[in-house]
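Taking it in order: structure first as structure tokens, then the write-up.
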Amino acid sequence: MLYRGREDELDRRYPRMLILLTQHWIGMEEGLAAVRRLAGMKLRLQLYVDPALRQVMGQREIVQATGVDDFLEPGAEFRIAGGFCNSGNFGNLGNFSNSGNSANFGVSGNPGISGNHTGMEPPLASNIQYLFIPVLSFSLMSRISRLDDESPVVRLILQGLCSGRQVAALRAGVEDDGPEWTARGCSMPPAMRREAANMLGSLRSYGVTLLGSEGISEWIGGSREKKELIAGDDILSAVSGGVTELKTGRGSIITPLARDLAAQYGIQILQARDGETM
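Position in the sequence shown counted from 1, then plus 29, gives you the numbering used here.
Structure follows, in structure tokens:
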């Protein structure tokens, strides 16, 4: 009850993040470790678990693997506003711990989330500030890049992007230079690597932040406190992915080299605030 009537302050001090957990044959270890790191930050975490993953991992196992026990459940009553749920009780935030889940914040779910697309689903809760995809599979990346919103996970991601939320994904499952790929002796054929790079370029152009395993804290801190920096490497990455437009965050800083390379390769840099071409 500590933050009754002060929900805006609660959201500033302990931002809400929806974690979209899906299954993949590689990158799971790194993705789950990333969620555990987030559980140690001052965030209120909630999990949406893809039905395919629920078939191979039980809820208790998922809690143990992630450190998060607040689930966005299919068919639950949905709360759009940033106020209280029907119980009128956020839990005792005076005993709040950095795990992000020790108190029951009464976050409600999204009806129809696990069923077929009915067109009747409400938008993402208004006070969710971050969406995080810890395990990016080829199929999920493909659906996002094609704006294929038939699956609940992709619908949530696209809703987040279209409503200006911070959306990020770990690249570990779709780039073959990571430790899990090396440990398994796996690598992509060149044509497959090019296709993956093209799809990653599309995701970035839509506004998805693509992270390595060490970039999570910087993403959270940067989106709350710092301005995004667009450097020459970002432009070259867009070129290799076949991207012609690069969407940047509000107040982003673009280096002179990045501007020169963008002009050289015909890349348009768009400001997220108003779509202005830089």
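Positions of the beta carbon are idealized from the N, C-alpha and C atoms, including for glycine.
Under the DSSP assignment, residue 182 falls in the alpha helix (DSSP H) whose first and last residues are 181 to 191. When secondary structure is reduced to three states using DSSP, residue 277 falls in the strand class.
Under the DSSP assignment, residue 51 falls outside any alpha helix (DSSP H); it carries neither an H nor an E label. Going by C-alpha positions, residue 290 is about 7 Å away from residue 261. For residue 97, no beta strand (DSSP E) segment is defined, and its DSSP state is neither H nor E.
Residue 203 holds the alpha-carbon nearest to the alpha-carbon of residue 218 among 203, 245, 60 and 58.
Closest in C-alpha terms to residue 194, from the list 35, 39 and 48, comes 48. Within the DSSP secondary-structure output, residue 159 pairs in a beta bridge with 46 and 195. The way I'd put it, the segment 155 to 170 doesn't touch the segment 207 to 216; fewer than three beta-carbon pairs between them come closer than 8 Å.
For residue 240 against residue 233, the beta-carbon gap comes to about 11 Å, at or over 8 Å, which does not count as contact.
Collapsing the DSSP output to three states places residue 284 in coil. If you draw a straight line from the Cα of residue 190 to the Cα of residue 182, it is about 13 Å long.
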